[in-house]
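There are 2 protein chains.
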Amino acid sequence: MKTALDEQAQSSLLLRKLGRIDDLTDDEERAVLNLPMKVKVFDADVDIIRDGDRPSDCAVVLSGFVCRYKILPDGKRQILGLYIPGDMPDLQSFPLQVPDHGVGTLARSNVGLIPHECLQDMLRSYPNLTKAFWRETLIDAAIAREWMIGLGRRSAYQRTAHLLCELHLRMMSVGLARSDGYDLPLTQNELADTLGLSTVHVNRVLQDLRREKLITLRGSALHIPDTRALQAAGEFDPAYLHLTD
Amino acid sequence: MKTALDEQAQSSLLLRKLGRIDDLTDDEERAVLNLPMKVKVFDADVDIIRDGDRPSDCAVVLSGFVCRYKILPDGKRQILGLYIPGDMPDLQSFPLQVPDHGVGTLARSNVGLIPHECLQDMLRSYPNLTKAFWRETLIDAAIAREWMIGLGRRSAYQRTAHLLCELHLRMMSVGLARSDGYDLPLTQNELADTLGLSTVHVNRVLQDLRREKLITLRGSALHIPDTRALQAAGEFDPAYLHLTD
DNA sequence: CGTACGATTGAGAGACTTCAACAAACGTGG
DNA sequence: CCACGTTTGTTGAAGTCTCTCAATCGTACG
Numbered sequence: 001m002k003t004a005l006d007e008q009a010q011s012s013l014l015l016r017k018l019g020r021i022d023d024l025t026d027d028e029e030r031a032v033l034n035l036p037m038k039v040k041v042f043d044a045d046v047d048i049i050r051d052g053d054r055p056s057d058c059a060v061v062l063s064g065f066v067c068r069y070k071i072l073p074d075g076k077r078q079i080l081g082l083y084i085p086g087d088m089p090d091l092q093s094f095p096l097q098v099p100d101h102g103v104g105t106l107a108r109s110n111v112g113l114i115p116h117e118c119l120q121d122m123l124r125s126y127p128n129l130t131k132a133f134w135r136e137t138l139i140d141a142a143i144a145r146e147w148m149i150g151l152g153r154r155s156a157y158q159r160t161a162h163l164l165c166e167l168h169l170r171m172m173s174v175g176l177a178r179s180d181g182y183d184l185p186l187t188q189n190e191l192a193d194t195l196g197l198s199t200v201h202v203n204r205v206l207q208d209l210r211r212e213k214l215i216t217l218r219g220s221a222l223h224i225p226d227t228r229a230l231q232a233a234g235e236f237d238p239a240y241l242h243l244t245d
Numbered sequence: 001m002k003t004a005l006d007e008q009a010q011s012s013l014l015l016r017k018l019g020r021i022d023d024l025t026d027d028e029e030r031a032v033l034n035l036p037m038k039v040k041v042f043d044a045d046v047d048i049i050r051d052g053d054r055p056s057d058c059a060v061v062l063s064g065f066v067c068r069y070k071i072l073p074d075g076k077r078q079i080l081g082l083y084i085p086g087d088m089p090d091l092q093s094f095p096l097q098v099p100d101h102g103v104g105t106l107a108r109s110n111v112g113l114i115p116h117e118c119l120q121d122m123l124r125s126y127p128n129l130t131k132a133f134w135r136e137t138l139i140d141a142a143i144a145r146e147w148m149i150g151l152g153r154r155s156a157y158q159r160t161a162h163l164l165c166e167l168h169l170r171m172m173s174v175g176l177a178r179s180d181g182y183d184l185p186l187t188q189n190e191l192a193d194t195l196g197l198s199t200v201h202v203n204r205v206l207q208d209l210r211r212e213k214l215i216t217l218r219g220s221a222l223h224i225p226d227t228r229a230l231q232a233a234g235e236f237d238p239a240y241l242h243l244t245d
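Read top to bottom, the protein sequences are chains G and S. Residue 98 in this note's numbering sits at position 98 of the first sequence, with consecutive numbering throughout. Residue 125 in this note's numbering sits at position 125 of the second sequence, with consecutive numbering throughout.
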């Protein structure tokens with residue numbers, strides 16, 4: 001169980017993101033901090049929202065790794081988004097009510113759950129906050145578009161390098177990465193479902209990246225000796241993450 | 001040049017979409033109808049917003065066909081979204097200010113341009129409308145996710161069938177399609193850039209679809225004799241379009 | 001009637017997949 | 001603390017989907 005203090009610290013993670021682009025008023029900040037949030041611990045590989053459910057809470061990742069995914073009739077899985085601490089994986093379905101895919105954990109995760117009504121109430125009281133949340137979903141969508149570009153037009157090698165770069169910056173922005181690497185708790189199978197590849201091919205691509213001295217990866221410890229080089233390999237341009245405007 | 005009456009008729013196209021999910025008040029409806037909109041005609045294959053521009057207007061497609069796209073360093077293009085009358089192709093970048101890709105026409109199109117400030121003002125006056133616009137962007141994002149699934153995990157054949165089904169329903173919903181077909185003004189090359197395929201392969205896939213009697217396509221006239229059959233071929237489930245909730 | 005763009009075809013190559021087996025790492029219970 | 005089972009990672013070989021290149025055909029339009 002988390003203490004109240006912890007929860008505040010964790011709400012502030014959310015606050016940091018929301019306030020990243022335009023400034024919130026003190027009142028608005030307080031409203032966000034006062035959102036009632038139930039913290040729940042999920043094991044790895046567990047559903048938070050099942051496809052078709054009509055969830056009553058909105059999730060904030062506090063620790064761990066969460067993904068949005070879709071399973072096709074033939075059993076294939078495509079991971080549609082990766083969510084790290086500070087992210088709200090199902091904000092996309094909050095205004096639409098009906099999610100069209102599942103949300104689940106990839107690693108053991110702490111997830112804050114905020115009742116939809118409380119969020120609704122807050123947005124009614126502070127309409128300007130709607131824009132901040134809206135923006136969050138747009139950044140999420142921008143990331144999805146970048147993945148689309150990769151899936152449609154980049155090689156497996158580029159796409160993989162690109163993803164590793166993206167996660168590096170995103171992890172950095174919430175203080176979970178060092179400048180030369182981070183903890184990547186995804187199996188090669190999960191990477192494959194993210195990148196639209198087979199597990200076998202992911203394995204070979206990772207070996208190529210190692211051979212080129214662009215990464216070392218032992219267990220979940222990813223080391224990136226030369227950020228620039230990896231970014232070049234993945235044609236990575238961070239503009240789409242909107243981290244600094 | 002359009003008459004004032006025409007413009008109203010066209011604003012109402014927008015209104016229909018915005019009001020599709022939850023009802024707007026009379027005041028809100030009026031605010032939308034009163035948005036000042038400059039109608040501009042664009043030829044086919046012309047940019048409306050160039051990657052990196054900071055646009056001053058927000059676009060509404062009134063007629064024709066518009067797309068969002070990204071060109072990669074090696075010249076490859078990925079089309080990220082298709083926009084038909086009633087759609088707002090750059091609503092995604094409106095709250096973020098900085099677009100991370102271009103928007104252009106695929107066919108000769110009438111586009112309504114609404115100054116950002118006017119939109120901002122309206123949302124300030126009627127904060128509840130923000131949610132309606134937000135929802136629009138989320139449906140757009142849901143479509144993008146569905147494309148991601150296709151790009152990552154579906155065969156060229158399924159993916160193509162899926163896209164044809166999606167456009168069919170979307171065109172139907174704005175009265176631009178009959179139940180047995182519609183006008184598809186995309187070249188095979190443009191389809192290829194949408195589907196993440198080569199032009200040659202799109203050509204062969206279309207021939208396969210013809211051979212299976214799922215479509216006939218002469219010029220831009222697409223005929224779908226059996227909607228169900230094509231949907232089955234594309235594993236198409238329209239839920240993600242959120243057309244009816 | 002020529003020109004240009006889009007559609008079509010054929011042949012060969014390459015990227016990625018599938019299948020299948022094995023090795024290594026990990027967690028768990030005895 | 002070791003044995004064991006399960007999961008994850010690695011390797012090889014064969015196959016297939018899709019791409020590239022390059023030529024040809026059709027058709028609309030000036």
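Think of the CB as a built atom: it goes at the ideal place given N, C-alpha and C, for glycine as much as any other residue. Remember, predicted model here, so these are calculated numbers, not experimental data.
Nearest to residue i by CA position, among the options, is which residue?
i        : options                                   : result
G/Asn34  : G/Arg20, G/Leu123 and G/Ile79             : G/Leu123
S/Gln188 : S/Glu166, S/Arg218, S/Gly175 and S/Glu212 : S/Arg218
G/Asp74  : S/Arg154, S/Glu146 and S/Leu62            : S/Arg154
G/Leu167 : G/Thr199, G/Trp147 and G/Lys213           : G/Trp147
S/Asp26  : S/Leu129, S/Thr160, S/Tyr69 and S/Arg204  : S/Leu129
G/Lys70  : G/Val61, G/Leu62 and G/Leu80              : G/Leu80
G/Leu164 : G/Leu214, G/Arg204 and G/Gln97            : G/Leu214
G/Arg54  : G/Ala161, G/Thr160 and G/Asp100           : G/Asp100
G/Phe94  : S/Met172, S/Ile139, S/Leu209 and S/Ser63  : S/Ile139
G/Asp45  : G/Ala229, G/Asp57, G/Gly64 and G/Glu28    : G/Gly64
G/Val41  : G/Asn110, G/Asp51, G/Leu62 and G/Arg20    : G/Asn110
Would you report the Cα separation of residue i and residue j, rounded to the nearest angstrom?
i        : j        : result
G/Leu72  : G/Arg170 : 28 Å
S/Asp121 : G/Ser220 : 49 Å
G/Leu13  : G/Arg108 : 19 Å
S/Thr199 : G/Asp183 : 40 Å
G/Pro185 : G/Leu106 : 8 Å
G/Trp134 : S/Tyr126 : 16 Å
S/Ile114 : G/Pro115 : 36 Å
S/Ile149 : S/Asp237 : 12 Å
S/Ala177 : S/Gly104 : 22 Å
S/Thr216 : S/Leu209 : 8 Å
S/Thr244 : G/Val66  : 29 Å
S/Val60  : S/Pro89  : 7 Å
G/Val205 : G/Ala229 : 16 Å
S/Arg50  : G/Gln231 : 24 Å
S/Leu241 : S/Tyr83  : 13 Å
G/Val39  : G/Gly52  : 23 Å
G/Arg30  : S/Asp57  : 33 Å
G/Arg211 : G/Leu195 : 20 Å
S/Gly152 : G/Gln207 : 21 Å
Output needed for residue i: all residues of its chain with C-beta closer than 6 Å, excluding positions within five of it in sequence on either side, in chain order.
i        : result
S/Val174 : Pro85 and Gly86
G/Val202 : Gln188, Leu191 and Ala192
G/Asp43  : Arg108
Using a Cβ-Cβ cutoff of less than 8 Å, which residues in the same chain neighbour residue i once the five nearest sequence positions on both sides are dropped?
i        : result
G/Cys118 : Leu35 and Pro36
S/Ala144 : Leu80 and Gly81
S/Arg77  : Tyr69, Lys70, Ile71 and Asp193
G/Asp180 : His223, Ile224, Pro225 and Thr227
G/Val32  : Ser11, Leu14, Leu15, Leu18, Leu24, Met122 and Leu129
S/Gln158 : Gly150, Ala233, Gly234 and Glu235
G/Leu62  : Gln10, Leu13, Val39, Pro85, Ser109, Asn110, Val111 and Gly112
Sort out for me which residues DSSP pairs residue i with in a bridge.
i        : result
G/Ser63  : G/Asn110
G/Cys58  : G/Ile114
G/Lys40  : G/Val111
S/Leu222 : S/Tyr182 and S/Leu217
S/Arg68  : S/Gly81 and S/Val103
G/Asp47  : G/Gly104
S/Ala177 : S/Tyr182
So residue i packs on residue j, CB below 8 Å; how close in whole Å?
i        : j        : result
G/Gly102 : G/Asp47  : 6 Å
G/Leu197 : G/Ala156 : 5 Å
S/Gly234 : S/Ala132 : About 30 Å separates the two Cβ atoms, so there is no contact after all.
Using a Cβ-Cβ cutoff of less than 7 Å, which residues in the same chain neighbour residue i once the five nearest sequence positions on both sides are dropped?
i        : result
S/Gln97  : Arg54
S/Thr137 : Leu91 and Gln92
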